[in-house]
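Participant: In our numbering, the protein residues as written are 189 to 300. No residue lacks a Cβ here, since even glycine has one placed at the ideal position from N, Cα and C. This structure is a prediction, so every number in the text was calculated from the model and none was measured. Before I ask anything, here is the structure I am working with.
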Amino acid sequence: MKLIKEPLSKQEILLLKSNYSNYLKLTVDVNQEILVAGCELHADGEAILLKNGGQQKNIWGGGIDLENKIIDTMAVLNLRPNLNNDSMEILDPEIRERFIKMVKKVFAELWS
189 MKLIKEPLSK
199 QEILLLKSNY
209 SNYLKLTVDV
219 NQEILVAGCE
229 LHADGEAILL
239 KNGGQQKNIW
249 GGGIDLENKI
259 IDTMAVLNLR
269 PNLNNDSMEI
279 LDPEIRERFI
289 KMVKKVFAEL
299 WS
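If you want it as structure tokens, here you go:
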């Protein structure tokens, strides 16, 4: 697992790909704009983000297909009835957009 606060270089993305495969599970703190990549479970990334000052209401899961450049916002971690999210998908459009924006920022080299 890797805690990421800044955009990754092409070499760093290639290293993640070689260590974890084409698909990376991501856990993102949409408030602090940091993420954890390469978790076996999104909850593992959540634990790291909580230790780094995150709040559970701001931590969401998804993933990225590095080969096809597809971002998804699906994770068991996202099941949060207390936040009106009764789906594995991030239902709140604002939170979903913040998640995607953060992933695109960190993995910007994929699109360059």
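Mind checking tryptophan 299: buried by the 16 CB within 10 Å criterion, or exposed?
Facilitator: For the purposes of this step, residue 299 is taken as residue 111 along the sequence shown, with counting starting at 1. Counting Cβ neighbours within 10 Å, tryptophan 299 comes out exposed, since fewer than 16 surround it.
Participant: In three-state terms, what does DSSP make of glutamate 282?
Facilitator: Stepping through the sequence shown from its first residue, residue 282 is reached at position 94. The answer is helix: DSSP assigns glutamate 282 an H, G or I state.
Participant: Assess, as a yes-or-no matter, whether the stretch 274-287 is touched by the stretch 227-240 under the definition of 3 or more beta carbon pairs within less than 8 Å.
Facilitator: Too few Cβ pairs lie closer than 8 Å, so no.
Participant: Between tyrosine 211 and the rest of its own chain, which residues show a CB-CB distance below 8 Å, the 5 nearest in sequence each way excluded?
Facilitator: The count along the sequence shown starts at 1 and reaches residue 211 at position 23. Here the set comprises Gly251, Ile252, Asp253, Leu254.
Participant: Report the CB separation of valine 291 from tryptophan 248 in whole angstroms; it is logged as a contact under 8 Å.
Facilitator: Along the sequence shown, one-based indexing puts residue 291 at 103. Along the sequence shown, one-based indexing puts residue 248 at 60. Contact doesn't hold; Cβ gap of about 11 Å is too wide.
Participant: Whole angstroms are fine: how far does the CA of threonine 261 sit from the CA of alanine 231?
Facilitator: Stepping through the sequence shown from its first residue, residue 231 is reached at position 43. Stepping through the sequence shown from its first residue, residue 261 is reached at position 73. Computed Cα separation, rounded: 14 Å.
Participant: Could you check if asparagine 266 is buried or exposed, using at least 16 other CB atoms within 10 Å of its CB as the buried criterion?
Facilitator: For this step, residue 266 is matched to residue 78 along the sequence shown. Classification for asparagine 266: buried.
Participant: Identify which residue in Val294, Gly226, Asn246 has its Cα closest to the Cα of glutamate 282.
Facilitator: To locate residue 282, count along the sequence shown from 1; it is residue 94. Among Val294, Gly226, Asn246, the Cα nearest to that of glutamate 282 belongs to Asn246.
Participant: What does a CB cutoff of less than 6 Å around methionine 189 pick up in its chain, not counting 5 residues either side in sequence?
Facilitator: Residue 189 sits at position 1 when you count from the first residue of the sequence shown. Hits under 6 Å: Val224, Gly226, Cys227.
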